[in-house]
Amino acid sequence: MSETITLSRVMDSEQMQAITSEFNRLGERCYLEHAGAALYPQSLLQHVHEDLLNNVYMNPHTDKYTRDCIEQIRCLVLNHFHTDPSKYSIIFTSGATQSLKLTIESFEFSSNTEECGSFVYLNENHTSVLGLREIAEDKNVDVINISHDNFLKSIKQNHSAPSGQKSKTDGNILLAYPAKSNFNGFKYPLDCVQNIKNGCLNRYLMKHLCKVNCNWYVLLDAAAYVPTNNLDLSITQPDFVCLSFYKIFGYPTGLGALLVKNTSADVLCKKRYFGGGTVDIVISGENFHIKRKILHERMEDGTLPFLSILALKHCFDMLHRLIPKTINNHIMDTISHHTFYLAKDLYNQLNELHHPNGKKAVVLYMDSDFSDIKIQGGIVTFNLLREDGSFVGFMEFQNMADLFNINVRTGCFCNSGSCQRHLNTSNREMKEMYKAGHKCGDEIDLINGNPTGKPSISVPLEPIIENKTKFASMCTSKVCMDMVKGYDCGDDVSDWISNALGISYLRLIKQSNTDVRPQKKNADGEQKLLSLCNQAQFLLINKASVRWLHGRIKDPMFSASVDNLTDRFRGNLIIDRAVELTEREWHRIIIGKHEFKVDGPCQRCHMICIDQQTGEKTAEPLRTISEQFAGKMRFGIYLSYVGPVNGMKDKALKVKSIVKPMINEDDISR
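Using full-length UniProt numbering, you'd call the opening residue of the sequence shown number 1 and step up by one each time.
Here it is in structure tokens:
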């Protein structure tokens, strides 16, 4: 697959090389998860650390110099978005999510009664916006959702501001919508704010005629938009804008902002809690306090993360130092074109992928064809198809991507509305999938052959011409999240293990005999107790199956022996049958004098591609397993202990014990 040449229209090779040098730590890694978090440049950290090592910054509640520096940062942020303190105020928060929450907690839906207001949101919003419904309902206001198609249709209909006809109203409506979808990069119109304020969405309030004359306020979720786009608040002027800085610069984390249009600030008057630094006077012995008059001073509770805020100066300096103003004389327009053309090239290449039988190999979940940068950002969302048209699960894709050192995002990306629309999943089906065990963020990628999520590629600022080609060619761990109780075996044991393995500071933890950790329910609703394993009590490997697999690995660079390959599967019980893969048909098994129940096949991950002796990582044997079993990465079977045969007790499981599989409940196979 050929490399893209479109970057020549955006940045030259010298400029790209300067950017490349900032991310040498990536090595062979291909980072395609920019929508999740930007990567911080090396020089950014160096400048931040140099600043901290050579200056003394104190608590801004105490130190005027630090306060002045923070005020300069406020102006710097506003200037980046083409505005100034006379038009917008900036409230520092922990991130976009807190900015959203702070807005609705403080929002006055009505000066008389909360029943006159409404919270309206687009279905395709991030989960953090959907969570605002709970606060709105606590305020006794109506919650109204609008579909993607209805929203786009309505905002295109021009509405003029009513002239002298509008009835006096005390009600306010808060509309939340994203500037860009974090699901597939679709850009929602930003020039519709005034149209919304004029009432273009009033049709969705017709069940509540008293609200048609309410005042509309726009809350713009810009978290996914501002990392690679130029948000110009001198042109589009939403009332509230939320964002997170780590998505723009990669650093610092835990810092975001709420930008508030000054003419709309008075509506944020319902905030109840007040923290240190937000009041002009407070009396501890009486319920009396007066909040500060300046918006950010009364909204920023406690001491700000001032060192993180001061780091923003170096973040903006870094952008201006690294990114040329080749597009519209603005660095963000340069980044926008850079990411757009790379994503467009990837989109076109994926769209052209077909199997030898002519069937498409990729289904794309997009709302544009990359023909217009004004409505599409640098994200491509898709699923892979097999030759027979069936879906490849996103976890299978994730495991293969890990093998090739490619970082991608999979699932629904906290955007259930977009996920439902593109997968044609109804609300009822979503609930049924939940009852079947599927939850947000889990590894269940297919239910009845239908995908529950998909992979997404978000193009970063870093140069990825080679990486994009690497990803396209690739297309042809958690251990346990449970808490366990245990005992530290002591320093002597720790020193011995550390010396033996050549890794410092290792500790050996023995699980407590009183610690109980249940297995996840199986298809029969049964649960067994687990120790420190992550899925089942026992894992059985048939060495005949390992020899069969070993003989089908075609990679000439794979030189592992059968024994080495067996070790990679990390089985508790190793048997050697006359026939390969026969264990996949077993229902129960008797080993010696003990009976076990088969709980199902073991879903493999990239760990089996790591040589247990050398630590070397390859694409095998996971790639061959996927090829041999139609994409299902399963090898070995899980067992749970039933008990001793014929009531015999205290009989150890011994090496070279006789193995008697049972294909059916009443059948014993040799």
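Glycine is no exception: its CB is placed at the ideal position from the N, C-alpha and C atoms.
Give me, in chain order, the residues of the same chain whose beta-carbon lies closer than 6 angstroms to that of residue i; leave out the 5 immediate sequence neighbours on both sides.
i	result
K478	Confidence at K478 is low in this model, with a pLDDT of 33, below 50, so the placement of that residue should be treated as unreliable; the coordinate-derived value is given next. Same-chain partners within the cutoff: there are none.
L312	I73
Could you check which residue in the options has the C-alpha nearest to that of residue i?
i	options	result
L152	A179, K139 and N172	A179
K374	Y341, V362, M11 and L364	Y341
T228	K87, H34 and S416	H34
H126	I457, W586, R604 and F413	F413
L174	N195, L122, S118 and Y225	S118
N448	A436, L205 and Y246	A436
Q349	H338, H337, V362 and P356	V362
D232	K247, V282 and T83	T83
N450	P85, H49, Q420 and V459	Q420
S371	S390, E396 and A343	A343
I144	R133, S154 and D138	R133
A536	A578, Y638, I146 and N542	Y638
Y88	D63, M58, I294 and F391	I294
Y177	K197, K139, C214 and V120	V120
Compute the Euclidean distance between the alpha carbons of residue i and residue j, then round it to the nearest angstrom.
i	j	result
G358	Y347	19 angstroms
G378	E352	18 angstroms
R568	E620	11 angstroms
P661	C602	18 angstroms
I19	D149	39 angstroms
F596	E443	26 angstroms
C69	P305	13 angstroms
M400	P60	49 angstroms
V645	A652	12 angstroms
A136	D142	7 angstroms
A224	V279	34 angstroms
D388	F186	30 angstroms
E286	F274	15 angstroms
L319	Q46	14 angstroms
K656	I589	15 angstroms
N522	N195	Residue confidence for N522 is low, a pLDDT of 48 falling below 50, so the modelled location carries little weight and cannot support an answer.
N328	Q17	22 angstroms
residue 674	P455	Because the chain in this structure spans residues 1 to 670, residue 674 falls outside the shown range and cannot be described.
M332	N230	5 angstroms
H354	V48	48 angstroms
T339	V226	13 angstroms
K247	T253	9 angstroms
K64	L219	33 angstroms
K261	E396	46 angstroms
Report all residues from its chain with a CB closer than 7 angstroms to the CB of residue i; omit the five preceding and five following residues, and keep chain order.
i	result
F316	L76 and H80
G93	Residue identity differs from the one stated: residue 93 is Thr in this sequence, not Gly. Closer than 7 angstroms at Cβ, skipping near neighbours: S99, L102, G256, A257 and L258.
I503	none
G411	F394, G441 and G453
Would residue i pass as a contact of residue j if the rule is Cβ separation under 8 angstroms?
i	j	result
K581	W548	In the sequence on display, residue 581 carries Leu and not Lys. In this structure, W548 lies closer than 8 angstroms to L581 by Cβ.
T236	L190	yes
G393	L307	no
H438	T425	no
C269	L258	no
L539	G636	yes
H587	I497	no
H296	I91	yes
S640	D599	yes
H422	Y365	yes
A560	D611	yes
P41	L322	yes
S244	A96	yes
I104	N123	no
G171	F109	yes
L501	C489	no
Tell me which same chain residues have a C-beta within less than 8 angstroms of the C-beta of residue i, skipping the five on either side of it?
i	result
K554	T624
residue 674	An answer regarding residue 674 cannot be provided, because it is not within the stretch 1 to 670 covered by the chain.
D576	N542, K543 and A544
What residue range does the beta strand (DSSP E) around residue i cover?
i	result
D221	N215 to D221
K597	H594 to Q603
S498	Looking at the DSSP string, S498 is not in any beta strand (DSSP E); the run it does join, the alpha helix (DSSP H), is D491 to L501.
F92	Y88 to T93
For the ligand NAD, is there any heavy atom lying closer than 7 angstroms to the beta carbon of residue i?
i	result
V362	As presented, the structure is devoid of all ligands, the ligand NAD included, so that no description of it is given.
In terms of residue numbering, what span does the alpha helix (DSSP H) encompassing residue i cover?
i	result
F340	I331 to E352
residue 707	Examination of residue 707 is not possible in this model, given that the chain is present from 1 through 670 alone.
V241	V241 -> not in any alpha helix (DSSP H); beta strand (DSSP E) instead, spanning F240 to S244.
V193	V193 to K197
M433	N427 to K435
D563	V562 to R568
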